[in-house]
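Numbering (full-length UniProt numbering), first residue to last: 1 to 374.
Virtual Cβ for every residue (Gly too), placed ideally from N, Cα, C.
Here the structure is laid out as structure tokens; the discussion comes afterwards.
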Amino acid sequence: MDLIGFFDAKLAFPTYGSTANPTRSDARCPLCCKSVLAGSYSGLKMGKLLSLLARDESTCCTPQKYDVFLDFENAQPSDIERETFDAVQRVLKNSESILEEIQCYKGAGKEIREAISAPTEECQRKAYLTVAPLVAKLKRFYEFSLELESVVPKILGQLCSGNLTPTQHLETQQALVKQLAEILEFVLKFDEHKMKTPAIQNDFSYYRRTLTRASLTRQDNAERDLVVGNELANRMSLFYAHATPMLRVLSHATITFLMDNEDIPRENITETLGTMAKVCLRMLENPNLLAQFQREETQLFVLRVMVGLVILYDHVHPQGAFVKGSNVDVKGCVKLLKDQPPCKSEGLLNALRYTTKHLNEENTPKNIKNLLAA
Numbered sequence: 001m002d003l004i005g006f007f008d009a010k011l012a013f014p015t016y017g018s019t020a021n022p023t024r025s026d027a028r029c030p031l032c033c034k035s036v037l038a039g040s041y042s043g044l045k046m047g048k049l050l051s052l053l054a055r056d057e058s059t060c061c062t063p064q065k066y067d068v069f070l071d072f073e074n075a076q077p078s079d080i081e082r083e084t085f086d087a088v089q090r091v092l093k094n095s096e097s098i099l100e101e102i103q104c105y106k107g108a109g110k111e112i113r114e115a116i117s118a119p120t121e122e123c124q125r126k127a128y129l130t131v132a133p134l135v136a137k138l139k140r141f142y143e144f145s146l147e148l149e150s151v152v153p154k155i156l157g158q159l160c161s162g163n164l165t166p167t168q169h170l171e172t173q174q175a176l177v178k179q180l181a182e183i184l185e186f187v188l189k190f191d192e193h194k195m196k197t198p199a200i201q202n203d204f205s206y207y208r209r210t211l212t213r214a215s216l217t218r219q220d221n222a223e224r225d226l227v228v229g230n231e232l233a234n235r236m237s238l239f240y241a242h243a244t245p246m247l248r249v250l251s252h253a254t255i256t257f258l259m260d261n262e263d264i265p266r267e268n269i270t271e272t273l274g275t276m277a278k279v280c281l282r283m284l285e286n287p288n289l290l291a292q293f294q295r296e297e298t299q300l301f302v303l304r305v306m307v308g309l310v311i312l313y314d315h316v317h318p319q320g321a322f323v324k325g326s327n328v329d330v331k332g333c334v335k336l337l338k339d340q341p342p343c344k345s346e347g348l349l350n351a352l353r354y355t356t357k358h359l360n361e362e363n364t365p366k367n368i369k370n371l372l373a374a
């Protein structure tokens, strides 16, 4: 089955209370008589959550409310979350050092130009000795992407499965929601630095030419002495060829999770992402919710996470985030961004303009395209 066929198949999922969902009780909405989940809040453990107004699941016609406070500063894992939280945290603890390294990446442009213009053995050796430690950094970035790819399904499995609604997942699993938010922020920051650093591609291209020369001359122990061998270099080359490599890893991990877990409807993923984006938007719009953050930088964090959710939704959903009827309030997100100082918003607006998948398609409303016009 191709990817589009897979997504089409995932669109149909049984009504609550059907034989395909024997664990869910059946009730009827008094307004439209559709089958709905009965007693969805029974036994709900709120923990340290501050929820000002959650969704009323008593009828399917009740409008969704998003005045939910996600405690991105202080959320702690419950016993149920602990195992997944610890596994993800072992990866995330290295994210800050990865960002620091790519932010400070200088490149070996001078040495490479000298080696090309005057290809003496001394110049080439100098260039290689400069490039080699940089390639070691690039290898570390790539290996971190593999670690990130391995933990994303763990979070999605917790946040998108079971009988809880997206809002209930956000309310009761805030430590995992916080980790997903941190992954999204990392992805945005890393890819932004990567796009601003053409030296990464130049350095790695030169290094691969070094590999080719070593292979052609059959130098003894050449492969063993190299920082990265041919096979790994090929995989890294594919990774860095993308303008936004970490976003590609994240979206690929999400789609793979869907394919590997066909019992989880696609809507569970997209509705969770969309609901989380709307909650972030509402938190930023509501002064009462915003005032509960203790650190000023948390507001910018929520802005980044909101944008990251829109972008990921656009890559995961077959119709994207911009089409009419999408579960993401793109218009509200863009308007909020435009109300922020340019130093906070311009990079995020550019991320929506240039790293989304469906913005320039025919189904995107003109008013959305005009809002995001550079």
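By the three-class DSSP mapping on this structure, what secondary structure does V88 have? helix
Boundaries (first-last residue) of the beta strand (DSSP E) holding I67: For the record, residue 67 in the displayed sequence is Asp; it is not Ile. Counting along the chain, the beta strand (DSSP E) containing D67 begins and ends at D67 to F69.
Residue burial classification, E297 (beta-carbon count within 10 angstroms, cutoff 16): exposed
According to DSSP, simplified to helix, strand and coil, what is Q103? helix
Would you say the beta carbon of I269 comes nearer than 7 Å to a heavy atom of the ligand ADP? In terms of ligand content, the structure shown is empty, and the ligand ADP therefore cannot be addressed.
Should T272 and C104 be called a contact, given that it needs their Cβ atoms to be closer than 8 Å? no
Under the three-state DSSP convention, the category T244 falls into: coil
Contiguous alpha helix (DSSP H) assignments of at least 4 residues, all confined to the segment 276–350: 287–290, 297–316 and 330–338
Can you look up A373 in the DSSP assignment and give me helix, strand or coil? coil
Applying the criterion that 16 or more other CB atoms from any shown protein chain within 10 Å of the CB defines a buried residue, is L37 buried or exposed? Any reading at L37 must be qualified, since the residue scores a pLDDT of 35, below 50, and its modelled position is unreliable; the value itself is stated next. Per the 10 Å Cβ criterion, buried.
Can you tell which of K324, N286, T84 and L99 has its C-alpha closest to the C-alpha of L188? L99
Would you mind stating whether Y240 and I200 have Cβ atoms separated by less than 8 Å? yes
Put L226 into one of helix, strand or coil per three-state DSSP. coil
Taking only runs that begin and end inside the segment 147–234, name each unbroken alpha helix (DSSP H) of 4 or more residues, in chain order. 166–172, 174–195, 199–217 and 222–225
Enumerate in chain order the residues of its own chain whose CB-to-CB distance from E111 is below 6 Å, with the five nearest sequence positions on each side excluded. K126, A127 and T130
Thinking just about the alpha-carbon of each residue, which of F186, G107, E149 and C123 is nearest to the one in K137? G107
Nonlocal neighbours in the same chain, by C-beta distance under 6 Å from F257, ignoring five residues either side: P153 and L156
Only counting the same chain, and skipping five residues up and downstream in sequence, which positions put a Cβ closer than 6 Å to that of H169? L159
Three-state class that DSSP yields for A75 in the structure shown: coil
Mind checking whether L303 and K344 have CB atoms under 8 Å apart? yes
Check A118 in the structure and name its three-state DSSP category. coil
Where does H358 sit, in a helix, a strand or coil, going by DSSP? coil
Return yes when the Cβ of L250 is within less than 8 Å of the Cβ of A233, no when it is not. no
P265 - DSSP class collapsed to helix/strand/coil: coil
Note down the Cα distance separating Q174 from G308, rounded to an integer number of angstroms. 18 Å
Could you tell me the alpha carbon to alpha carbon distance between P22 and G162, rounded to whole angstroms? Low local confidence applies: a pLDDT of 39 at P22 is under 50, so the model's placement there is unreliable, and no value is given.
Are residue 392 and I311 close, meaning C-beta to C-beta below 8 Å? Nothing in the structure corresponds to residue 392, since the chain is present only between 1 and 374.
For M195 and T244, I'd like the C-alpha separation in whole angstroms. 7 Å
Do L184 and V91 have their beta-carbon atoms positioned less than 8 Å apart in this structure? no
May I ask you to report which of helix, strand or coil DSSP gives E96? helix
Around the C-beta of L247, are 16 or more other C-beta atoms found within 10 angstroms, so that it is buried, or is it exposed? buried
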